[in-house]
Amino acid sequence: MTNDDRPVLVVTNLDDPTADFVIAELHDRGVPVVRFDSGDFPATLSCSATIGGADTWRGSVQTPSRRADLSAVRSVYYRRPSGFAFPHLDKQDERFASAQARHGLGGILTSLTGCLYVNHPHRIGDAEYKPAGLAAAAAAGFTLPPTLITNVPDDARAFIEAHGPVIFKPISVPLYLVDGKAQTVPVTEVTADEIDDSVSGTMHLFQKRVDKVADIRVTVIGEQTFAVQIDSGLLDWRTDYGTHTYTPLAAPPAVERSMRAYLKHFGLVFGAFDFALTDRGEWIFIECNPSGQWAWMEPPTGLPMTAALADLLQGGHRDR
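Numbering (UniProt numbering), first residue to last: 1 to 320.
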C-alpha cells in the first residue's frame, strides 16, 4: 500500500492486455490509476485546464468513474490510444473538431510538469520513424544489415542483386483490416524479378536478410534490462507464436551501452529492441519499438517485467 494519492494516467485503447497487467499490479500496490482512451473524447472523457503567469496546468481529466488532478499526476503510461473520432459530424467539421481535440486535449496531456512519461508521446512519434531509428542505431554503435528505402524500382532491383537474399518489410504499420480483423504485415523475402513499377507508388524498405540462428527481444524498462532469446525457426517470429521457446540471457556490455545511447538519443525510458543472433554470436540490430509488447514473455521466462514497469510508474520523478 502507499499513502501517495497522486494518480498514474494510463492512456491506451480498450483492448490492451499489456496495460491491464500493469494496472492490476498498481492496484494491488494501492497506487491510484486513471485509465482512458483519447477515442473516448468527448463522449465519456472530458477535460478542463487553466494556466497563467508562472503557473502550470491546473484542472482535471474525468471519465465516468475516475477524475485526475492534472497538477498532481505522478506519471503517464502512454501506450496505444485510438485516434480522435467525431463520426456524427460531416467530414469538414470532423477534421476541425479532431484538430482542436488533438492540439487541445493532446497538447495538455503532453505538457504536464513534474511527472514521468513512459514514454512521452512526442518522443514516441520521433522514434517511430524507422529511418530515424536506423540512423540513431548506427550512431549508437549497433551493427545493422544493409538497408535501402526507395520508390525507384531499378534501385530496388540493383540492391537485391548486390545484397541478396533480401527481405521487404513495412516502414510503418497502420491498422490494416481484412474482414474486420487486424492483420500483421509479415516480413517476406523478395527477389529482383518480383520488383515491378508498383514500387514507384510509395516508399519501400528492403534489407539484406540476416543469416540468423535465433531472434532476441530486449525490453528496457527504466534502468532494468530484460533480454530473451526467441527460438522459432521462422523468418518473422511474429507470424506464429506457437512455435517459440524463450530463454532469458544477458545482453553483452557493448549492446547494453548502445541501447542506452539509443534511448538517450530519443529521450525514451522504455524500449523494446529486436535483434537477430548469428551463429558467430553477433547481435544484429533490427529495430526498437518505443511502445512494444512484452507481457507475453513474462509467464514462460519468469522475468518480472510487470513489476519493473509498475516500479517505474509508481516512482515517477520531478523533472521532465
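A virtual CB, placed ideally from N, CA and C, is assigned to each residue, including glycine.
- Apart from sequence neighbours up to five positions away, the residues of its chain that approach Asp16 with a beta-carbon distance below 7 Å are Arg79, Arg80, ordered along the chain.
- Under the DSSP definition of a beta bridge, Arg217 partners with Val228, Asp274.
- Taken through DSSP and simplified to helix, strand or coil, Ala137 comes out as helix.
- Rounded to the nearest whole angstrom, the CA to CA distance from Glu128 to Tyr246 is 26 Å.
- By the neighbour-count criterion, in which a residue is buried when 16 or more other Cβ atoms sit within 10 angstroms of its Cβ, Met297 is buried.
- If you compare the alpha carbons of Arg209, Glu194, Ala261 with that of Val220, the shortest gap goes to Ala261.
- Counted as a single uninterrupted DSSP element, the stretch harbouring Val187 is not any alpha helix (DSSP H), since DSSP gives it neither H nor E.
- For Tyr262, the enclosing alpha helix (DSSP H) stretches over residues 253 to 266.
- Contact between the segment 183 to 192 and the segment 144 to 152 is absent: fewer than three C-beta pairs spanning the two stretches fall below 8 Å.
- Linking Ala272 to Thr225 through their CA atoms gives a straight-line distance of about 10 Å.
- For Val33 against Val10, the beta-carbon gap comes to about 6 Å, under 8 Å, which counts as contact.
- Check the Cα spacing between Asp40 and each of Thr202, Arg102, Gly315, Gly114: the tightest is with Arg102.
- Closest by C-alpha distance to Leu45, out of Thr56, Trp57, Phe36, is Phe36.
- Following the DSSP letters along the chain, one finds Phe206 inside the beta strand (DSSP E) bounded by residues 204 to 208.
- Here the segment 282 to 289 lies against the segment 116 to 136, with 3 or more beta-carbon pairs under 8 Å apart.
- Beta-bridge annotation (DSSP): Ile284 is paired with Thr143, Ala276.
- By the Cβ-count criterion, Ser172 is exposed, with fewer than 16 other Cβ atoms from all chains shown falling within 10 Å of its own Cβ.
- Judged by DSSP secondary structure, Phe168 falls within the beta strand (DSSP E) whose first and last residues are 166 to 169.
- Secondary-structure assignment with DSSP links Ser48 through a beta bridge to Ser60.
- C-alpha of Arg123 to C-alpha of Ser75: approximately 15 Å in a straight line.
- It is roughly 32 Å from the alpha-carbon of Gly52 to the alpha-carbon of His265.
- Inclusion of Phe86 and Ala99 in the CB contact set at 8 Å is not warranted, their separation being larger than that value.
- Burial of Lys169 is indicated by the presence of at least 16 other C-beta atoms within 10 angstroms of its C-beta.
- By the Cβ-count criterion, Asp215 is buried, with 16 or more other Cβ atoms from all chains shown falling within 10 Å of its own Cβ.
- For Leu263 against Val22, the beta-carbon gap comes to about 19 Å, at or over 8 Å, which does not count as contact.
- Glu161 and Leu26 have their C-alpha atoms roughly 53 Å apart.
- Each residue's CA atom was taken as its position, placing Val210 and Gly106 some 40 Å apart.
- Look at Tyr241 here: in three-state DSSP terms it is helix.
- Residue state for Val10 is assigned as strand, using DSSP reduced to three classes.
- In the three-state scheme derived from DSSP, where H, G and I count as helix and E and B as strand, Ile23 is classed as helix.
- Fully enclosed beta strand (DSSP E) runs of no fewer than 3 residues occupy 75 to 78 of the segment 70 to 109, in order along the chain.
- Here Thr243 really is in contact with Ser232; their C-beta atoms are around 5 Å apart, less than 8 Å.
- Taking C-beta atoms under 8 Å as the contact rule, Leu70 and Gly83 fail to qualify, at a distance of about 22 Å.
- Straight across, the Cα-Cα distance linking Thr306 with Phe270 is about 13 Å.
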